[in-house]
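Taking our numbering, I'd label the letters of the sequence shown as residues 31 to 114. Using N, Cα and C, we set each Cβ at its ideal position, and we do this for glycine too. Report on the structure given below.
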Amino acid sequence: SPHILKAKRIYKVKKVLPSRELARRSGCSISALKAIVRKGEGFAATQVMKLTLSCDHRSVDGATGAAFLQTVKRFLENPVRLFL
């Protein structure tokens, strides 16, 4: 759908789940995992948090959901912003 492609491009959404898979997953989930990242000339393991959100597109546009997750991401990266 054009809205999903726009959300992926603007908000750097990594993966969009097909509607059947979304039907099995409801609400919001957060998981922490390790990822390998480039560090200098080598590689290192780092903590990564994955946020997912499923929305009923009859009531919430996908781009709005992606914007919400970006806001959550900014607050998690800099919690002081919650008090500003």
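- Annotated three-state conformation of residue 114 is coil, per DSSP.
- Around the beta-carbon of residue 72, fewer than 16 other beta-carbon atoms lie within 10 Å, marking it exposed.
- DSSP links residue 72 through a beta bridge to 69.
- For residue 66 and residue 79, the gap between their C-alpha atoms comes out near 13 Å.
- Per DSSP, residue 104 is one residue of the alpha helix (DSSP H) stretching across 92–107.
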